[in-house]
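Student:
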Amino acid sequence: MDFRGILDRLKARQAPGLVGSDEPRAADPADKKDKGRAGDPFLWVEAQALPRFLELCRDDERLRFECLIDLTATDPSKDDPNLHVVVQLLSLAFRHRLMVKCTLPKAAASMPSSVPVHRAAQWHERECGEMFGITFTGHPDPRHILLPEDWIGTPLRKDYVFPDEYHGISCK
Amino acid sequence: MFTEVLSAAPQSGTNAINDFLAGVKPEFVPAWAVPLTAVGIAVGITIALVSVIAMFSTWLERKVSGHIQCRYGPMRAGWHGWLQPLADGVKLLLKEDLVPVGADRVMYVVAPAIVLASVLAALAAYPLAPGFFFADLDLGIFFILAMTSTTTIGVVMAGWSSNSKWSLYGAMREAAQVVAYEIPLGISLLVPIMVAGSFNLLEVSRGQAGMFGMDWYIWPWVNPFMLPCFVLFFIAILAETKRAPFDLPEAESELVAGFMTEYSGIRWSFFFMEEYAAMYLYSVVGAFFFFGGFESPLTWGAAKVFGDGHVLYHCAAGLTLILKGFAGVFLMMWLRWTLPRVRIDQVMTLGYKYLTPLALACVLGGSLWEVFVAPILPWRNG
Amino acid sequence: MAESTATTEREFMLDVRTQDMEVNMGPQHPATHGVMRILMRADGEICTGAQPHLGYLHRCAEKIGENVEWLQYLPYTDRYDYLAAMNNNLGYSLAVEKLMGIEIPRRALMIRTICAELNRIGSHLIAFGTYGLDIGAFTPFLYMFREREWMMALFEKICGARLTYSYIRIGGVFNDAPPGWLSEVERFCDVFEEKWQEYVDLLMVNHIFVQRTANIGVISPAMALDFGLSGPMVRGSGIDWDLRRDMPYELYAEIWKAGAFSIPLGKGERGALGDCWDRAYVRVMEMMESIKIVRWCLDSIAPGPVIADIPKTLRVPAGEAYVGIENPRGELGHYVVSDGGKVAVRCRVRGPSFTNLAVVEELMPGTLIADAVAIIGSTDIVVGETDR
Amino acid sequence: MGLLEQQFEENVLTTKVDWLINWCRLQSVWPMTFGLACCAIEMMAVGCAHHDIDRFGAGAFRASPRQADLMIVAGTVNFKMAERIKRLYDQMPSPKYVIAMGACATGGGPYYKYGYTVVKGVDRVVPVDVYVAGCPPRPEALLEGLMKLQEKIQQSSVIRRPARTA
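If you read the sequences in order, they're chains D, P, E and V.
Per the working numbering, the very first residue in the first sequence carries number 39; after that it's consecutive.
Per the working numbering, the very first residue in the second sequence carries number 4; after that it's consecutive.
Per the working numbering, the very first residue in the third sequence carries number 809; after that it's consecutive.
Per the working numbering, the very first residue in the fourth sequence carries number 24; after that it's consecutive.
(1) Hey, how far is the Cα of methionine 1041/E from the Cα of glycine 144/V?
(2) Using 8 Å as the threshold, is the C-beta distance between alanine 63/V and glycine 937/E below it?
(3) Could you tell me which of Val1131/E, Gly1148/E, Ile1189/E sits nearest to methionine 1052/E, measuring between CA atoms?
(4) Which first and last residues belong to the beta strand (DSSP E) in which histidine 1015/E is found?
(5) Quick one: what does DSSP say proline 193/D is sitting in, helix, strand or coil?
(6) Anything in chain D within Cβ reach of aspartate 1195/E, meaning under 8 Å, just list it in chain order.
(7) Tell me, to the nearest whole angstrom, how far the beta carbon of cysteine 868/E is from that of valine 148/V; I am working on the premise that it is less than 8 Å.
(8) Taking C-alpha atoms, which residue in Phe293/P, Tyr316/P, Phe23/P lies nearest to tryptophan 303/P?
(9) Use the C-beta contact count for isoleucine 56/P: other C-beta atoms within 10 angstroms, 16 or more gives buried, fewer gives exposed.
(10) When we look at the beta-carbon of threonine 359/P and count the other beta-carbons within 10 Å, is it buried (16 or more) or exposed?
(11) Against chain E, which members of the region 328-351 of chain P pass a CB distance test of less than 7 Å?
(12) When DSSP builds the beta bridges, which residues end up paired with glycine 1127/E?
(13) Within 10 Å of its beta-carbon, does phenylalanine 1017/E have 16 or more other beta-carbons around it, so buried, or fewer, so exposed?
(14) Is phenylalanine 292/P helix, strand or coil by DSSP?
(15) Indicate whether at least one CB of chain D lies closer than 8 Å to the CB of glutamate 877/E.
(16) In the DSSP assignment, the alpha helix (DSSP H) including proline 1040/E goes from what residue to what residue?
(17) Which chain V residues are close to leucine 865/E, counting only those with a beta carbon under 8 Å from its beta carbon?
(18) If you follow the alpha helix (DSSP H) that histidine 70/P is in, where does it begin and where does it stop?
(19) With 16 as the cutoff for other CB atoms within 10 Å, does threonine 129/V come out buried or exposed?
(20) Tyrosine 285/P by DSSP, collapsed to three states: which one?
(21) Mind the definition here: the region 63-77 of chain D touches the region 101-119 of chain D only if three or more C-beta pairs lie below 8 Å; say whether that holds.
(22) Can you pull the chain D neighbours of alanine 906/E, defined as C-beta to C-beta under 7 Å?
(23) To the nearest whole angstrom, what separates the beta carbons of isoleucine 272/P and alanine 839/E, a pair I think is in contact under 8 Å?
(24) Run through DSSP, which three-state label would threonine 1187/E get?
(25) Going by DSSP in three states, phenylalanine 174/D sits in which element: helix, strand or coil?
(26) So who's on the other strand from isoleucine 854/E, going by DSSP bridges?
(27) For the putative contact between glutamine 836/E and leucine 111/V, defined by C-beta atoms under 8 Å, what is the C-beta separation to the nearest angstrom?
(28) Strictly under 8 Å for the Cβ-Cβ distance: is isoleucine 1216/E near chain P by that measure?
(29) Could you check which residue in Val125/D, Asp97/D, Arg102/D, Gly74/D has the C-alpha nearest to that of tryptophan 82/D?
(30) If we cut at 8 Å on Cβ distances, does proline 248/P have a partner in chain E?
(31) Can you give the Cα-Cα distance for alanine 810/E and histidine 182/D, rounded to whole angstroms?
(32) Could you work out which residues of chain D lie near methionine 833/E, taking near to mean beta carbons separated by less than 9 Å?
(33) Would you say proline 116/V lies against chain E (beta-carbon separation less than 8 Å)?
(34) Kindly list the residues whose CB is nearer than 6 Å to the CB of valine 52/V, restricted to its own chain and excluding five residues on each side of it in sequence; keep chain order.
(35) Mind checking if leucine 130/D is an interface residue toward chain E, Cβ cutoff 8 Å exclusive?
(36) Determine the burial state of threonine 816/E: buried for a count of at least 16 other Cβ atoms within 10 Å of its Cβ, exposed for fewer.
Written out as structure tokens, the structure is:
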């Protein structure tokens, strides 16, 4: 099924939290500032409804996104007040992929964990949490995964300031 | 002079040294000093023997593994790296003396000594030549088995005292494994002992002197249960000496270095020496009980040319035994660099469930053969 | 090495009270394939729980991706999965090419495929060799390195590096294969086929090896999907899934149509379906499939340009793309976001080892310590990629 | 050594003894099985058939730091690992040597600028004897590093007093 088909199906099922979609398009020749958008289409989903949305995608017999391939986040820029959480889904049965994005305010970066739906999300959420400072409520093991437990700061946010020293070892 | 001493067979090494010393003793030396010195020299020879065996074996191990793995092994320390063991030895000797924090200091220090001492004691019963040995024990083989299994105590002490869990695992595995394989090891030796009618290594060897090597105990016409016994024996000694596929006590990919994880320098090398000396010793036992002991074309020729009291005969016999011993060591190395490691439950299953009953069956079959068949075989009564 | 902590007490039959130990495996431990740490709770030899700790090789690859130019990031892709650097280059290049919409010359696609598949063989050689090492067989590992060394020489001839190639570039490959290279690859394939049989005889069907790996660490198909596993990990569980066939990129659709390769699956031949042996078996069989793909490419390669015309300083059109390719370890995903500038906004790497390792936590309880080692080995992780 | 260490004036005898001890030490430098990152693969290649570090007597890779003489820091060191490296180094008995293999271990390498968790050179944690350049260094380069280390060991004074430098 292609992206349009997936979108129609989700709309028909009244998928929880589905906000809209974003598809690549060519630049509008009339508008000089518009450069268009390349790459893959994706869906906008409400962050608080993401687990329910994933559950629907997994259980729907015409979508069957049984595999959560990736869960990560993006910080679009320093000035942007929001983070984007990005989920890649894969269906082995129908050989299609889906990218799902949610916005999450930087000031209150908290969303429900998807671990009950896909256990694959467990480590991805831990990584996402420590790198972007997102709290996944209901996560079974919300420790740091790559960074030391006492690490300060969220490195993948754009406003991250590199540390000067860690445990007496200079970083410069 | 030494020649005369040796040719006065049967002679024990310690006695020979004693007599020799008594002969050359100056007046002012008290008489009681002579046997003490003799014993001292004998112990010195044994220690030197262990060291030489271990050093040669480490070199052999690295060369054998190298050539099995399409490489050379040590090449820079002397010709084909023959000085490598010396370099390793001196380096280990001069390493910092470490006792880990939290270790039981006394036990930690004593453990390697016990390990080495037990194998040294076992070597006391190892005859260097038909006429040169330190102790001609009537229960020679039992003495050797008893002494070598004492190493387990040292290993368990080492594992316990190191204050490291990997060490503890290694020690526990060693204890379990050695206990399990002592049984088939001992039982599998019963058949050759029955055939020889003796526990004495020299007598066992003498019993295989005839028929140009055709009455080595391994041959099926001597006793067809001998070959399975040897296989059982060989598997058991692999487990006893902690060699692959039974190297669980020091399983590198699981337990880092097993019971010797926390040992360094010369103490660690004690464990190493024990391992190689035990390998050699068990191989020699195998040679005695299955492969004719001192007997070989070389020994036979030397006996024909010089007579079986001459020093060159003894040298030939000793050399034969050394070659047979190292053939066994080589075989063990070959297996080590070929096979994967088995798991602890498989080791236990193999030991208790298969090897022990099989060994018992072999003893039963072998003894029935001895009672009913052997008497009517012409070559067994020659 | 191990810190002692008394943990929960458990009562046993016969009133023997035992204590679970906490055993610390790593970060410096021969079985952790690098610098991973596993905190194991063990009841004697039996492992009652395990907790992998990562991050001992966290090298901030994703942060670097947001700070260096598109082309400059290529060398960093070499270094996260350092056993399959060609595949990493390929994945990253494909993701950027998807945003840029460049047409790649056919010869470049061929050479890319040859390199990626040779690299897959090299990676599986190490995976299988070190797995043998985990099980305790030292020598097969050295035999495999012997063949790998030849492969390194081949890569060195084509790009000058032994391990970190940066050869597959955005828009094609760095340069054309030197004269005689393709025929040497063919010779390598001939020799490798013989040697491959040697590994199978020496290790794969070795009785002890089978006993150590069969029925250990069984991953059921449902569990594999739930954990998002990929690559040999799912194929070992009998799930017929290979991105090269099912979501083809590059030339793989064509190669598959030509019937040049098949997809080996675990069949539970020696034990339960999805055990460690099946996973090792899939890897070993895949080496042969890769040889077939390489041979197909060698037969059909034709002269031509090897790199599309791309500027020195890349400006990638705004947008975002995700490309997953079949890395030796599974699905290697690159998610790149561009705002039209010289530098990426986000450069996410979805490492297959990272996801595959998560399943270890689930498999360990109830196994022996020696099995735990076998399970970690069968996931074939590269720590550079779990930690990035 | 303890009491005897560096206690004697330089003369023919002590020089010879030193030479012998140093020779033994340099012929038997046992590395620790300890790989960090990409360089570890090249370190494995050095141990394997084609390059064979065992020719130099340095092929006995020991998994336990207690039995190792040489720590080859093969790869990027980050803060989480640095503390463990220090600990491993402390667990080794002296004389102990460290080779920093590759750009990362030498000075942070490609991760110098943006690697927020990367230690910019393992010499900030443990003393390094030999630096080997490359990313990753070729196996031959590591062998040369080993030979440099052997040269260094040969020049060290064991029982004689070290030559005074003004």
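Backbone N, C-alpha and C define an ideal beta-carbon position, used for all residues, glycine too.
Treat the numbers as computed from the prediction; the structure is a model and nothing was measured.
Tutor: Checking against the coordinates, here is how it stands:
(1) Roughly 36 Å separates the two Cα atoms.
(2) With contacts defined as CB atoms closer than 8 Å, alanine 63/V and glycine 937/E fail to qualify as a contacting pair.
(3) Checking the sequence shown, residue 1052/E turns out to be arginine, not methionine. Nearest option by C-alpha distance: Val1131/E.
(4) Unbroken run through histidine 1015/E is the alpha helix (DSSP H), 1015-1021; no beta strand (DSSP E).
(5) Three-state result, proline 193/D: coil.
(6) The contacting residues are Leu184.
(7) The beta-carbon distance between cysteine 868/E and valine 148/V, rounded to whole angstroms, is 18 Å. This is too long to meet the 8 Å contact definition.
(8) For tryptophan 303/P, the nearest C-alpha among the options comes from Tyr316/P.
(9) With 16 or more other Cβ atoms within 10 Å, it is buried.
(10) Buried, since its Cβ has 16 or more Cβ neighbours within 10 Å.
(11) From the region 328-351 of chain P, only Trp340, Thr341, Leu342, Pro343, Arg344, Val345, Arg346, Ile347, Asp348, Gln349 have a Cβ closer than 7 Å to chain E.
(12) Looking at the DSSP assignment, glycine 1127/E forms a beta bridge with Ala76/D, Ser1146/E.
(13) Using a 10 angstroms sphere on the CB of phenylalanine 1017/E, the tally of other CB atoms reaches 16 or more, which defines it as buried.
(14) Three-state result, phenylalanine 292/P: helix.
(15) So no, glutamate 877/E is outside the interface.
(16) Taken as a continuous stretch (DSSP letters only), the alpha helix (DSSP H) holding proline 1040/E covers 1040-1044.
(17) In chain order: Leu59, Ala60, Gly98, Thr99, Asn101, Met104.
(18) If you look at histidine 70/P, you'll find it in the alpha helix (DSSP H) that goes 36-71.
(19) Under this definition threonine 129/V is a buried residue.
(20) Helix at tyrosine 285/P.
(21) Judged by Cβ distances under 8 Å, the region 63-77 of chain D makes no contact with the region 101-119 of chain D, as fewer than three pairs qualify.
(22) The sequence given here has lysine at residue 906/E, not alanine. Near lysine 906/E (Cβ distances below 7 Å), the residues of chain D are Gly77.
(23) Checking the sequence shown, residue 272/P turns out to be serine, not isoleucine. Between serine 272/P and alanine 839/E the beta-carbon gap is near 25 Å, outside 8 Å, which marks them as no contact.
(24) The answer is helix: DSSP assigns threonine 1187/E an H, G or I state.
(25) Strand at phenylalanine 174/D.
(26) When DSSP reads this structure, isoleucine 854/E sits in a beta bridge with Asp851/E, Leu1176/E.
(27) With 8 Å as the limit, glutamine 836/E and leucine 111/V qualify as a contact, their Cβ atoms being about 6 Å apart.
(28) Chain E is shown from 809 up to 1196; residue 1216/E falls before or after that span and cannot be answered.
(29) It is Val125/D.
(30) It does; some Cβ of chain E falls within 8 Å.
(31) The predicted model places alanine 810/E with a pLDDT of 42, which falls under 50 and marks its position as unreliable; any figure quoted below should be read in that light. If you take the alpha carbons of alanine 810/E and histidine 182/D, they lie about 22 Å apart.
(32) Those do not exist, as methionine 833/E stays about 17 Å from chain D at its closest Cβ, beyond 9 Å.
(33) For proline 116/V, the closest Cβ of chain E is not nearer than 8 Å.
(34) The answer, listed in chain order, is Ala81, Asp92, Leu93.
(35) Yes, contact with chain E.
(36) Any reading at threonine 816/E needs caution, since the residue's pLDDT is 41, under 50, leaving its predicted position unreliable; the model's value is listed next. With fewer than 16 Cβ atoms within 10 Å of its Cβ, threonine 816/E is classed as exposed.
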